[in-house]
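In our numbering, the protein residues as written are 865 to 1240. The C-beta atom is built at its ideal place from N, Cα and C for all residues, glycine as well.
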Ligand SMILES: *Cc1c(COP(=O)(O)O)cnc(C)c1O
């Protein structure tokens, strides 16, 4: 029994409780380690099937998946893409690098997701696509978005990195739109360490994505008519990914339990806002367990996170909104944008340890320390 300080609780630890080891050994025993190995196809097919999609194209990470999706949809110069201000930079970056313009909308103060009414307000003759990004485990309200897509003949790109295994009114998240994208980073519900996927039902988009992912190789080899990227996933990564998809239902169940335990433990703290447990269209899968500090705490996220760290608990801040990114301001983008909800979330929001490997006793300690800081 040690008398030292209690162990540091990391913000995320993945778990490997399925066939990961067996499949990885199979790669090594068969010498298949590159993207040519059989697990890549198996993973793509199994993942696409689990999301109710026809085609899956695996890539190196979720950012690449967005680059690939934007290019494959033919989004480019003069096009506008409506997306949330409150998201990861990859979403806006993929659009900007394609030569198109992101048009930002604010978050709903309760679900933290992009607001469909603001999406409707920002449609112009230049709007080519809507990029939906489900945030932190709760989906965007899709019905009004689907209506807008239909009515205006727009393309729909769904970034489902944070809602793997989630549904919207009995429809699987990741099955919406012309293309959906995924990340398999270590903290996502399905992980390959680094990795990503693009899903579609359109055979033409499947063909274009496969070509762009692999340097647009064609016959005869090494003579190219267009430029792509090397975004290939390795057989080793796909082996882990396949084992992870096989357990997705259990993962989602565990995440929901984690979320419910936090909510039960923290409900008594009036100074913080907890994530919404459910809406009329979905039950939260808590990709992360986001917490927003109320004004009465007199603290913004960085100060609060420092206090947590001093007590041996790791955490991460919320996204910083796209219109407040120095790099985009420098480019002259979003100068007149104001998205007060996203701005507030960015300053007041953080998430405590909420990975799959978080043990019950660790979670209890997080809850106790949150009480000590806020109530003590
Ligand atoms: C994680 C994430 C990404 C980026 O994925 P990487 O694999 O880290 O490149 C993109 N979009 C969203 C919404 C994410 O949460």
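Pairwise C-alpha distance: residue j and residue i
i	j	result
residue 993	residue 1134	40 Å
residue 1164	residue 1091	45 Å
residue 1011	residue 1225	46 Å
residue 1002	residue 879	22 Å
residue 1104	residue 915	18 Å
residue 1185	residue 970	9 Å
residue 1110	residue 910	8 Å
residue 1019	residue 1057	30 Å
residue 1112	residue 912	13 Å
residue 978	residue 1075	32 Å
residue 982	residue 949	11 Å
residue 1179	residue 1086	47 Å
residue 1212	residue 917	37 Å
residue 1059	residue 1097	7 Å
residue 1033	residue 1009	14 Å
residue 902	residue 1069	22 Å
residue 1080	residue 1089	8 Å
residue 1172	residue 1236	10 Å
residue 1207	residue 1175	28 Å
residue 988	residue 964	14 Å
residue 1121	residue 1027	16 Å
residue 1210	residue 1160	17 Å
residue 1244	residue 886	A question about residue 1244 goes unanswered here, because the residues of the chain that appear run from 865 up to 1240.
residue 1181	residue 922	29 Å
residue 1015	residue 995	16 Å
residue 1190	residue 951	15 Å
residue 1144	residue 1153	20 Å
residue 898	residue 1051	24 Å
Cβ separation of residue i and residue j, assumed to be a contact under 8 Å, to the nearest whole Å
i	j	result
residue 1151	residue 1053	7 Å
residue 1216	residue 1177	6 Å
residue 1061	residue 997	Their Cβ separation, rounded to whole angstroms, is 16 Å, which puts residue 1061 and residue 997 out of contact at 8 Å.
residue 956	residue 1192	7 Å
residue 1077	residue 937	Contact doesn't hold; Cβ gap of about 15 Å is too wide.
residue 1238	residue 1155	About 10 Å separates the two Cβ atoms, so there is no contact after all.
residue 1231	residue 1157	Going by Cβ atoms, the distance from residue 1231 to residue 1157 rounds to 16 Å, so no, they are not a contact pair.
Assigned exposure category for residue i - 16 Cβ within 10 Å defines buried
i	result
residue 944	buried
residue 1082	exposed
residue 1094	exposed
residue 1267	This structure cannot settle anything about residue 1267, because the visible part of the chain is limited to 865 through 1240.
residue 871	exposed
residue 1024	buried
residue 1071	exposed
Range covered by the alpha helix (DSSP H) that runs through residue i
i	result
residue 1172	1165–1174
residue 1122	1112–1130
residue 887	884–894
residue 1022	Here residue 1022 belongs to no alpha helix (DSSP H); instead the beta strand (DSSP E) covers 1019–1023.
residue 900	Note, residue 900: premise wrong, no alpha helix (DSSP H); not H, not E.
residue 1006	1006–1016
residue 1235	1224–1239
residue 1218	Looking at the DSSP string, residue 1218 is not in any alpha helix (DSSP H), and its letter there is neither H nor E.
Residue range of the unbroken beta strand (DSSP E) whose run includes residue i
i	result
residue 927	Counting along the chain, residue 927 falls outside any beta strand (DSSP E), though it belongs to the alpha helix (DSSP H) covering 926–936.
residue 870	Per DSSP, residue 870 belongs to no beta strand (DSSP E) and is neither H nor E.
residue 993	991–997
residue 1039	Segment: none, residue 1039 is in no beta strand (DSSP E) and carries neither H nor E.
residue 923	919–923
residue 948	944–948
residue 1063	1060–1064
residue 960	Where residue 960 is concerned, there is no enclosing beta strand (DSSP E), although the alpha helix (DSSP H) it sits in stretches over 953–961.
Selection from the options that minimises the alpha carbon distance to residue i
i	options	result
residue 924	1230, 1099, 1125 and 1168	1099
residue 1245	934, 938 and 1198	This structure leaves residue 1245 out entirely; the chain is present only between 865 and 1240.
residue 940	921, 960, 928 and 926	960
residue 1006	987, 1038 and 985	1038
residue 1273	965, 1137 and 1219	Since the first residue of the chain shown is 865 and the last is 1240, residue 1273 is not available in this structure.
residue 972	953, 989 and 1004	1004
residue 929	1192, 1047 and 1041	1047
residue 1107	872, 871, 881 and 870	881
residue 1125	904, 892 and 1227	1227
residue 966	887, 1162 and 1021	1021
residue 827	1175, 884, 1148 and 952	As shown, the chain starts at 865 and ends at 1240. That puts residue 827 outside it, with no answer to give.
residue 1204	1196, 1194 and 1188	1188
residue 1199	893, 1044, 927 and 968	968
residue 974	1168, 1000 and 962	1000
residue 1063	1162, 991 and 1045	1045
Contact with chain D by residue i, beta-carbon distance below 8 Å
i	result
residue 959	Absent from the structure: chain D. Only one protein chain is present.
Near ligand 2: residue i beta-carbon under 7 Å from a heavy atom
i	result
residue 1025	Ligands displayed in this structure: ligand 1; ligand 2 is not among them.
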